[in-house]
Amino acid sequence: MPDLYSPKTMRGVIKRTLPLLTFFKTRFFKSTITFPTETVSFEFQEGKRRLAPYVNPRVGSESIERDGYEIKSYRPPLVAPERSITNDTLAQKLLGESVYNSGMTPDDRAVKIAAQDIIELQDTIYRREEYMCARIKQDGALTVRGKGVSQRVDYGFDNIVETASSDKWTPTFDILGQLGVLAEELQKFGVNPDMLILGNSAAKALMSNEKLLKLLDIRRVEMGEIAPAQLEKGVRYIGRVVTPEVTLDLYSYAEWYPDDTDLDADENPKLKPLLDPETVIMQSSRERNSMLYGIITLIDDNGNFVTHMEEYVPNSWFTKKPPQRFVSISSRPLPMPHDLKSWLVLKNVVSGS
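Heads up, the sequence shown is in our numbering, so the first residue is 724 and it goes up one at a time.
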């Protein structure tokens, strides 16, 4: 029987675990890059839309400058959730196990508990990565806070529009006109947006906008359609709108997370939406970014330091007094946008709260 707690076996469990349906990460941060160091570095380049110069045939040619680039380095934050198995854990029946005469020994129970722990620990990392991607898409920056950890990762993203009081998405506001203007701003940087991702409140305001609904009711001119459909977890396809400047597919995203930095009266994390309800993101569906991973260094059973250049590194150890078995998964993830001009964020479109 293979050793369940060996790194090789635990990696097999991780690979068989299907990722959660994480919209931002799976759609826009598909590429994975692992680094041989704790610090990761990447390059930003803002291309300029140059025209080839006219020259006199007697001159021959004219030199044009190369596009410059900027290098940034960060130390990805460490995430390392763990679980412990004790005598008390083994004494309790598992979910779904018969109360009487189940035939399951404490050893059998330990194997099942450890396998389930690995899956659940991996899920917590997937959710953390989705949170990181969501914040990067909304703010172009990420604040990392935890026990003994305080870090700010700021990419210098400036395509954020704070909605003026005169531009709120009221039932009579010209939403299509506003979206057309914003699309032109992205097109100036060579981006052809074709999708709009809306928070819950923004989606409701758009679907109840009288001016938009009236335009959609004009049968001779195809201005778009509202045809809601449920896609993956938390994601809903709303429909399509057409303006003289752009055609946009509309999506709402309503996934939630427990905010461990904001506790309620009972010291429990408050549930908050991953996408701020009044935020709208305009971008191209072809946008591609990367997830970067720094190295993880652990100590093996012989007391030697071992460095792993992997996305997720499982580990297990035990203590004899008291008897406990620990299981953990470590990772150093960091979302990296490739082009800071490839999307635009419109905030506070309803009430501005």
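Even glycine gets a Cβ: it sits at the ideal position worked out from N, Cα and C.
Segment limits, alpha helix (DSSP H) that includes residue i
| i | result |
| --- | --- |
| Asn923 | 923-930 |
| Lys748 | 746-751 |
| Leu905 | 898-910 |
Classification of residue i by the beta-carbon crowding that lies within 10 angstroms, buried from 16 upward
| i | result |
| --- | --- |
| Arg942 | With a pLDDT of 40 at Arg942, under the threshold of 50, the predicted position of this residue should be treated as unreliable, and no value is reported. |
| Ser796 | exposed |
| Pro1060 | buried |
| Ile842 | exposed |
| Asp840 | buried |
| Val914 | buried |
| Ile961 | buried |
| Met724 | Confidence in Met724 is poor, its pLDDT being 45 and thus under 50, which makes the residue's placement unreliable; the coordinate value appears in the next sentence. With fewer than 16 other Cβ atoms within 10 Å, it is exposed. |
| Phe1041 | exposed |
| Ala906 | buried |
| Phe1028 | exposed |
| Leu865 | buried |
| Ser1053 | buried |
| Leu936 | exposed |
| Gly871 | exposed |
| Ser931 | exposed |
Among the options, the one whose alpha carbon lies nearest that of residue i
| i | options | result |
| --- | --- | --- |
| Ala977 | Gly957, Asp983, Val969 | Gly957 |
| Val1050 | Ala837, Thr757, Pro799, Met1032 | Ala837 |
| Pro799 | Ser1074, Asp877, Arg1011 | Asp877 |
| Glu1034 | Asn810, Glu852, Ser764 | Glu852 |
| Leu1063 | Ile848, Glu843, Ile859, Thr757 | Ile859 |
| Trp892 | Pro1058, Tyr1016, Glu1001 | Glu1001 |
| Gln861 | Arg868, Gly879, Ile808, Gln874 | Gly879 |
| Ala928 | Leu938, Thr895, Asp917 | Thr895 |
| Pro1046 | Thr809, Glu907, Asp985, Ala857 | Thr809 |
| Thr1030 | Tyr1016, Thr966, Asp982, Thr745 | Tyr1016 |
| Ile1022 | Ser1039, Ala988, Lys937 | Ser1039 |
| Arg832 | Asp811, Tyr960, Ala803 | Asp811 |
| Asp982 | Arg875, Ser888, Arg868, Glu805 | Arg868 |
| Gln845 | Ala887, Val802, Lys835 | Val802 |
| Thr745 | Lys835, Glu761, Arg850 | Arg850 |
| Tyr979 | Asn1027, Ala988, Ala926, Pro992 | Per the sequence shown, residue 979 should be read as Trp rather than Tyr. Comparing Cα positions, the closest option is Pro992. |
| Glu933 | Asp917, Tyr854, Ile898, Val834 | Ile898 |
| Val965 | Pro804, Asp917, Gly871 | Asp917 |
| Val1073 | Asp890, Lys835, Arg875 | Asp890 |
Residue i, enclosing beta strand (DSSP E) - first and last residue
| i | result |
| --- | --- |
| Leu998 | Where Leu998 is concerned, there is no enclosing beta strand (DSSP E), given that its DSSP letter is neither H nor E. |
| Met1032 | First-last for Met1032: undefined, no H or E at that position. |
| Pro1046 | 1046-1053 |
| Tyr974 | 970-976 |
| Asp877 | 872-877 |
| Trp979 | 979-986 |
| Pro1058 | 1056-1059 |
| Ala864 | 864-869 |
| Gly962 | 958-965 |
| Thr1020 | 1019-1022 |
| Lys1070 | 1066-1070 |
| Glu805 | 805-809 |
| Thr757 | 754-757 |
Nearest-angstrom Cβ-Cβ length linking residue i and residue j, presumed shorter than 8 Å
| i | j | result |
| --- | --- | --- |
| Arg1048 | Ser807 | 7 Å |
| Met1014 | Thr755 | 5 Å |
| Cys856 | Phe765 | Not really, about 15 Å apart at Cβ, beyond 8 Å. |
| Thr760 | Ile1018 | 6 Å |
| Val1058 | Asn1012 | The question names Val, but residue 1058 in the sequence shown is Pro. Indeed they touch by this definition, with Cβ atoms about 6 Å apart. |
Check: residue i C-beta below 7 Å from any heavy atom of the ligand ZN
| i | result |
| --- | --- |
| Met855 | This structure lacks the ligand ZN, and indeed carries no ligand of any kind. |
Beta carbon proximity, residue i to chain C, threshold 8 Å
| i | result |
| --- | --- |
| Leu899 | Going by chain labels, chain C is absent from the structure shown, which holds only one protein chain. |
With three or more beta-carbon pairs closer than 8 Å as the criterion, would you say the segment 1005-1019 touches the segment 748-768?
The answer is yes - the segment 748-768 touches the segment 1005-1019, with three or more Cβ pairs under 8 Å.
Could you say if the segment 964-978 and the segment 900-909 meet the contact criterion of at least three C-beta pairs nearer than 8 Å?
The way I'd put it, the segment 964-978 does touch the segment 900-909; three or more beta-carbon pairs between them come closer than 8 Å.
Do the segment 992-1004 and the segment 913-927 make contact, defined as three or more Cβ pairs closer than 8 Å?
In short, these stretches touch, since the Cβ pair count reaches three.
Measuring CB atoms only, is the segment 881-896 touching the segment 1052-1071, in the sense that at least three cross pairs come out at less than 8 Å?
In short, these stretches touch, since the Cβ pair count reaches three.
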